[in-house]
Amino acid sequence: MKKIFILAAFVVVSATAAMAQKFAYVDTEYILANIPEYKQAQAELDKTSVNWQKEIETKYTEIDKLYKAYQAEQILLTEDMKKKREAEIVGKEKEVKDLQKQHFGVDGDLFKKRQELVKPIQDKVYNAVKEIAEKQTYAVIFDKSSDLTMLFTNPKYDKSDDVLEAMGYKPGTKKDDVKKPTNK
122 MKKIFILAAF VVVSATAAMA QKFAYVDTEY ILANIPEYKQ AQAELDKTSV NWQKEIETKY
182 TEIDKLYKAY QAEQILLTED MKKKREAEIV GKEKEVKDLQ KQHFGVDGDL FKKRQELVKP
242 IQDKVYNAVK EIAEKQTYAV IFDKSSDLTM LFTNPKYDKS DDVLEAMGYK PGTKKDDVKK
302 PTNK
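Heads up: the sequence shown runs through residues 122 to 305, numbered per our numbering.
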């Protein structure tokens, strides 16, 4: 009887300890708002973006002038001259759209500039979160400022492989070992 009681107590203590994982959260918007380097980087990005936008708007204004001039002179132009003018306008529109894509596209200049200026700051924040999590033994730290982003998770609490095995699949490469594509 004594053995069963000790075994039951051990199971209860083990289950309680397993469920007593510590969780925390951070607000990265608040953190970044209080980092002067981030404010400077954001101001530089805004300034650059405004300059590029002005450049693009100027080019669109020039195209608009060309188009209005073409419409006004269209009656007097020969078919060859009309085609040349139309091709010139279309070519300039394509150039501006390409420039816009180059500056503001998915992997455009603004994205690269943001990576250059902001990513080192975000990495510092991540490393600080990770250090706090490890020192204070948090299993997971959530980001309050976004929908639900996990900034740090302790790999020993990762049950992804167990889920795969339960579903009948063989676990593959750990998510942390998968190399992320680099931007060139």
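Glycine is no exception: its CB is placed at the ideal position from the N, C-alpha and C atoms.
ask   = Do the CB positions of Thr-149 and Val-246 come within less than 8 Å of each other?
value = Thr-149 is a Cβ neighbour of Val-246, given a cutoff of 8 Å.
inquiry  = Please give the ranges of any beta strand (DSSP E) in the region 235-266, keeping only runs that are unbroken, at least 3 residues long and fully inside the region.
reply    = The qualifying runs are 259-264.
ask   = Given that a residue counts as buried once 16 or more other Cβ atoms are within 10 Å of its Cβ, and exposed if not, what is Tyr-259?
value = Tyr-259 is buried by the Cβ-count criterion.
key: Cβ contact check for the region 215-226 and the region 177-184: 3 or more pairs under 8 Å   = In this structure the region 215-226 lies against the region 177-184, because at least three pairs of beta carbons, one per stretch, are closer than 8 Å.
key: From Ile-152, Asp-219, Ala-145, Ile-184, residue whose alpha carbon lies closest to that of Trp-173   = For Trp-173, the nearest C-alpha among the options comes from Asp-219.
ask   = Is it a yes or a no for the region 199-209 touching the region 142-157, going by three-plus beta-carbon pairs under 8 Å?
value = These segments do not touch.
inquiry  = Excluding the 5 residues flanking Glu-183 on each side, which residues of the same chain have their C-beta closer than 8 Å to its C-beta?
reply    = Annotation for Glu-183: Lys-213 place their beta carbon closer than 8 Å to its own, counting only its chain and skipping 5 residues before and after.
Reduced DSSP secondary structure (H/G/I, E/B, other) of Lys-186 = Under the three-state reduction of DSSP output, Lys-186 falls in the helix class.
ask   = Of the residues Ser-170, Pro-241, Val-261, Lys-291, which one's Cα is nearest the Cα of Phe-144?
value = The residue with the shortest Cα to Cα distance from Phe-144 is Val-261.
message = Less than 8 Å between the C-beta atoms of Leu-314 and Lys-234, yes or no?
response = An answer regarding residue 314 cannot be provided, because it is not within the stretch 122 to 305 covered by the chain.
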